[in-house]
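Numbering (this note's numbering), first residue to last: 3 to 121.
In this text, a Cβ means the ideal position worked out from N, Cα and C, and glycines have one as well.
Small disclaimer: the values here were computed from a predicted structure and weren't measured.
Working notes, structure below.
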Amino acid sequence: MIEIPKAIVLWSKEGRHAGFMLLSHEEGNEYGECVFMLSPVSAEGIDSEMGIVVSELKVAGEQQFHIKRNESGYELTVKPRELPEVVFKLNTGFEGDVFTEFNGPITTIGTANPAKQNA
Numbered sequence: 003m004i005e006i007p008k009a010i011v012l013w014s015k016e017g018r019h020a021g022f023m024l025l026s027h028e029e030g031n032e033y034g035e036c037v038f039m040l041s042p043v044s045a046e047g048i049d050s051e052m053g054i055v056v057s058e059l060k061v062a063g064e065q066q067f068h069i070k071r072n073e074s075g076y077e078l079t080v081k082p083r084e085l086p087e088v089v090f091k092l093n094t095g096f097e098g099d100v101f102t103e104f105n106g107p108i109t110t111i112g113t114a115n116p117a118k119q120n121a
């Protein structure tokens, strides 16, 4: 059974905070829904490749995702209807790289890690 975080922090390749992905997922199901939010903290993060993708996904609204376990952790794929799919290649701590088609080729647009939970 995969227990995934409810929020993932998204960073540009340059290490600037670009936004969040909020996830809704029923235990035992490999599909769920997610929404994206931009972070107003960093103009550089918003203007980055990751920020541009987060902005497009935010406007597109709720998206479905698919998660599967692999030898190094997890692969989480978001398949928007009218945008290129976004693939998160994550370790067992849900940290890793984010890939999508950007200006042609599939490339790394940044990184992701789980949001810290406050007690």
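With residue i as the anchor, note down where its alpha helix (DSSP H) starts and where it stops.
i     : result
LYS15 : Segment: none, LYS15 is in no alpha helix (DSSP H) and carries neither H nor E.
VAL56 : 51–62
Tell whether a beta-carbon distance below 8 Å holds between residue i and residue j.
i      : j      : result
LEU40  : GLY63  : no
GLU101 : VAL89  : Rather than Glu, the amino acid found at residue 101 in this sequence is Phe. Yes, these two residues count as a Cβ contact at 8 Å.
ILE4   : ILE111 : no
LYS15  : SER50  : yes
HIS19  : ILE6   : no
Which residue comes first and which comes last in the beta strand (DSSP E) that contains residue i?
i      : result
LYS81  : Looking at the DSSP string, LYS81 is not in any beta strand (DSSP E), and its letter there is neither H nor E.
GLU103 : 98–103
ILE108 : 108–116
LYS70  : 65–72
VAL37  : 33–40
LYS91  : 88–92
Between the options, which lies nearest to residue i when the distance is taken from Cα to Cα?
i      : options                        : result
GLU10  : ASN72, SER74, GLY106 and VAL56 : Going by the sequence as given, residue 10 is Ile instead of Glu. Among ASN72, SER74, GLY106 and VAL56, the Cα nearest to that of ILE10 is on VAL56.
PHE67  : GLU97, ASP99, ILE108 and CYS36 : CYS36
SER74  : GLU58, VAL80, PRO107 and ASN93 : ASN93
GLY98  : HIS27, GLU77, TYR33 and SER26  : GLU77
ILE108 : MET52, LYS60, ALA117 and GLY17 : MET52
ASN72  : GLY106, GLN65 and GLU32        : GLU32
Round the Cβ separation of residue i and residue j to the nearest angstrom and send it over; I've been treating them as touching at under 8 Å.
i      : j     : result
ALA114 : LEU24 : The pair is not a contact, with the Cβ atoms about 13 Å apart (cut-off 8 Å).
LYS60  : PHE38 : 5 Å
I'd like to know if the segment 81–98 and the segment 41–50 are in contact, where contact means that at least 3 CB-CB pairs between them fall below 8 Å.
The segment 81–98, when compared against the segment 41–50, does not touch it at the 8 Å Cβ threshold.
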